[in-house]
Every structure is written in C-alpha cells, then in structure tokens.
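> After the structure tokens below, expect a handful of questions from me.
Residue numbers (full-length UniProt numbering): 1 to 513.
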C-alpha cells in the first residue's frame, strides 16, 4: 500500500494540535483538517465514487483545497485540480477529458464567478455525476448557485472517521493539466509514488526550524509547484500553511512579518513584485524568513541579487515541470549555490542533455534537458501517442534548452519553443532579458520573436520601466546595440505598464507574440 494521504494522516496523528492552516483569523489544527478530509472521503464513497474515479477540484488557496484533496485520495480517487481562472467551456473540457465523476467547485466572487462557470460546465459534461459547491461564506449550507448543493450541507451527519483505501505505488494519484501552449491541454498522470517521493525528497533538502516551519502559500495549489513543493512538503513536516488566495506583493510581505513566516516559494515575478513593493511603500522587511525557493521560470540575476540583499536570505533556484511531479533539480543547501543555475538533480533523479533525435549531448552542451527517475509521470491520460513523443526508455524530454558546467550544475538557456532564429542565428530570449534587466531604467523585460520579411524573425522586447524612468525606445535600442552582439539586440521595444501573466505569475509570451 502507498497512499499520498499518509502525509496528512501521519502529521495529524503525531501533531494533532499544531496549526495546519491559517487564513485570516481562521486557525485549523491538523486533527481538524484530517477529520474534515475523512468526512469528504466518506461522502465520496457513499455517492459511489471510489478507487480510480476522477474527482475534479476548482478552488483557490483556501482550507477547502487540502480537505477535498486529501479526502479524495483517502477514498482511493484521483484528484484533478483545475485552474480557477478557467472559463466554463475550459472546465467542461477538463471534466470530459479526465472522465471526472465529481466536481468540487468554489462558489467564487462577483469578480471571479467560478461557481457559476463550474455549474455551466457540469451541466455540459454528461459523465460528471456530482457537483458540490464550496461556499464563499463560512459553513454556509446554501449557495448562490441555483440548484447546487454545498459541501457543508452534504457533510451534515457524515462520520469524521475513515480508513484510507489501499492504493498501489503506481496507481494514479493526481492528473495535472499542462498549460496547452502547443495545442489542447494534456493531463499528466502522476502516481502516489511520484508525488510522495517528490514531497519527501523536497522536504529533506531544506532545513527545518526547531519551532516548526511557517510557509506562505501564494502559489496556486492547483499548480504542481504550489501543490507538491509547497502544500505537500509543509504537510509532510507538520508545518503551518498561511494561505493567500490571491497574490498581492505588499500583502505578502506584511503576512510574512505578521505570521512569522520562515519559508517562501514563488516564481521570479513574485520576488520582483515584493522587492518593488518594499522599495515603493517603505514596508518593514520580515526577519524570520530562512528559506526562499524560486522556480517556474528563470530568475533574473539582478532580481536575485537585489532580493537577497534586501531580505537577507539566499534564494535557492530549482527546476521542474508538471510531468516531473514537479521538482527535478535544485540548488541544495548542502552544496554551493551557483546564481543563475537550476542546481543539481535531486536524489533519485537523473538528468542529461539530448539533441532533437534523442542522442546524448556530452560536455557543456547546449542541449534539451531529459529527466529520468521516481518523479517522471506515467504518461498523458488517454494519449499514448503524445506520451511516446516525450518518454523513451524512461527518459522524459522537457523542451527546455540548457547547458551544464563541469560540476554537473545545469543552467536553463530557454524553452525550445521560445528560441528566436534571426537571419540563421539562434537568439535565446533569456540571455537578452538578462542584459536588459541590468539597465537602470528597466524594471522587467520579456523578449519574443516576431515575423520579419528578410530575417525570418526579429527580436522584440516588452519592457516595464522603473517608476519615474522616461527612457525612449530609441535610447534603449541604442544602449542594447552597444551591450549585445549585432544579431541579438532587440530592434523593437514596446513599453507596457505590466506584462501578461498566468495564475502562477509566469509571463505569457504566447500572448505577447
């Protein structure tokens, strides 16, 4: 038997009174969270949802998420977390594609009517039999969604004792949908072993606080980073999760100070935003932060250095994908940290560089990262051909181009699909972005390729200026001409007040294109 729900069960048994979740004034101890998950498991079994059945969950970072997540796992079901920004037609697609038997959906707000979208999707998905609303009002038994049953009404009288279903290590625990940048989203099947091993290894790589760790949970739990590397790791070490449903940089800094947060994990744009908020608002910098982890995309070196100097904590960069549960490499505390590097493969995981034809690339590279180990998914749900394209002999090809130094550390150059080919020369956007970020007037930059009649592609930069900066396009292009090789520097610069980002804070280059 191996069930991912053991993370919660062990912590509740050993630390029943320790606070598991914090949201505003609400404090939920581990015993209460485990009891609520047991009720969810009993409810699912009573309604005919059992081992192998899919349970979709659309919910921001609220106490509902871990309760339903672990409750479904206890029942032997497969959790299908959904992006809360999805429209009704997208939710309907996820339900149909995953064969979901039940949907738990947060009621939402006037600004984000998630419950209404969920109900519309449920009505359009004939295979989904159960729809339960997670109400916005605490303990509400009625919903604003017409004809929908709330979780609290459904749990009335349901036992809070449950013996978890025995699942095998290679049974699917979670289906995570990819972002779908190259077609319709695909569901990555992650096993109990994938998820449990990733949580254990990730936990062991960072030091624990003797008083118990407090983690600020701002990365969406429906995403692999926020779910596995934040939620599951915190639950495994019986730490406290301070939940933040929507990231606001100034509020995040204040929460760190007020709740004495010791661990923060985020994407680079979150670090940039918090740094900007401290500079602009004169916020008090928290003093309890011991561990800072970055992933999701490459961290600009200027942001890394400025954040470490301001907050007094070293940022440990890591790397992974939904298909690798997610962590594959990390700048581990017991090894020297190399700024700009995604570190060294984690325990039990191998990495190498390959070319387009799967041939191993020796030496420094560059090449495409391939990963093999306990973290690699079973495959894409109901898509054997797509699975065969990315997995061969246990190796998963990531689509990320990197180089490797003599110590075995890896450095992301760029996504293969983001590569710009200008006049026959390869231009890696991240390299251009790193140089742009060193300009005193540039706060944030994203570089893409745009069509060009004679060169094939031209290099274009989207730039957010530093507050008060008045640099023009001509001035910045002229500066870039002096700072970069002739084939690399951007000929086009577009200034914006902000850049489009997804729910995790990753810049959406496909929208910029």
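Every residue, glycine too, gets a C-beta built ideally from N, C-alpha and C.
Computed from a predicted model, the values in this text were never measured in an experiment.
I need the DSSP call for residue 403, collapsed to helix, strand or coil.
Correct three-state label for residue 403: strand.
> Using DSSP's beta-bridge definition, name the partner residues of residue 29.
Beta-bridge pairing links residue 29 to 19.
> Of the residues 431, 498 and 506, which one's Cα is nearest the Cα of residue 488?
The option with the nearest alpha carbon to residue 488 is 431.
> Near residue 196, which residues of its chain fall below 6 Å by C-beta distance, leaving aside the five closest residues on each side in sequence?
So the qualifying residues of the chain are 4.
> Would you be able to state if there are at least three C-beta pairs under 8 Å between the segment 187-195 and the segment 335-352?
At 8 Å Cβ cutoff, the stretches do not touch.
> Could you tell me whether the Cβ atoms of residue 151 and residue 64 are closer together than 9 Å?
Their beta carbons are under 9 Å apart, which means residue 151 touches residue 64 by this criterion.
> Taking 8 Å as the threshold, find out whether the segment 358-378 comes into contact with the segment 298-310 through three or more Cβ pairs.
With a cut-off of 8 Å, the segment 298-310 and the segment 358-378 do not count as touching, because too few Cβ pairs lie within range.
> Leaving out the 5 sequence neighbours to the left and right, which residues in its chain are closer than 8 Å to residue 62 when beta-carbon positions are compared?
So the qualifying residues of the chain are 23, 106, 134, 243 and 245.
> Taking the DSSP output, what are the residues bridged to residue 426?
Paired residue(s): 421.
> Starting from residue 367, trace the beta strand (DSSP E) both ways and give me its first and last residue.
Where residue 367 is concerned, the enclosing beta strand (DSSP E) stretches over 367-373.
> Confirm, please, whether the CB-CB distance from residue 170 to residue 51 is below 9 Å.
Their beta carbons are not under 9 Å apart, which means residue 51 does not touch residue 170 by this criterion.
> Cα separation between residue 203 and residue 237?
C-alpha separation (whole angstroms): 7 Å.
> Measuring alpha carbon to alpha carbon, tell me which of 11, 271 and 99 ends up nearest residue 381.
Considering only alpha carbons, the answer is 99.
> Here's the rule I'm using: 16 or more other beta-carbon atoms within 10 Å means buried, otherwise exposed. How should residue 350 be labelled?
Per the 10 Å Cβ criterion, exposed.
> Contact between the segment 479-497 and the segment 205-215 is defined here as three or more beta-carbon pairs at a separation below 8 Å; is this criterion met?
The answer is no - the segment 205-215 does not touch the segment 479-497, with fewer than three Cβ pairs under 8 Å.
> Should residue 118 go down as buried or exposed, given a rule of 16 or more other Cβ atoms within 10 Å for buried?
Answer is buried; the Cβ neighbour count reaches 16.
> Using a threshold of 9 Å, state whether the C-beta atoms of residue 270 and residue 324 are closer than that.
No, they are not a contact pair.
> Does DSSP classify residue 271 as helix, strand or coil?
Helix.
> Please state whether DSSP places residue 482 in a helix, a strand or coil.
Residue state, collapsed to three classes: helix.
> Quick check: what's the CA-CA separation for residue 402 versus residue 137?
So the two alpha carbons sit approximately 47 Å from each other.
> Does residue 450 pass the burial test, meaning 16 or more other C-beta atoms within 10 Å, or should it be called exposed?
Flag for residue 450 reads exposed.
> Tell me residue 456's beta-bridge partners as DSSP assigns them.
Answer is 452.
> Here's the rule I'm using: 16 or more other beta-carbon atoms within 10 Å means buried, otherwise exposed. How should residue 12 be labelled?
So residue 12 counts as buried.
> In angstroms with no decimal places, state the Cα-to-Cα distance between residue 163 and residue 26.
Using only the alpha carbons, I get a separation of about 27 Å.
> Decide if residue 101 is buried, meaning its Cβ has at least 16 other Cβ atoms within 10 Å, or exposed.
Classification for residue 101: buried.
> Starting from the N-terminal side, write out each stretch of the beta strand (DSSP E) that is 3 residues or longer and does not extend beyond the segment 301-329.
If we require 3 residues or more, the beta strand (DSSP E) runs fully inside the segment 301-329 come out as 315-320.
> Does the segment 34-52 come into contact with the segment 66-81, if we say contact requires no fewer than three beta-carbon pairs (one atom in each stretch) closer than 8 Å?
Cβ pair count under 8 Å is three or more, so yes.
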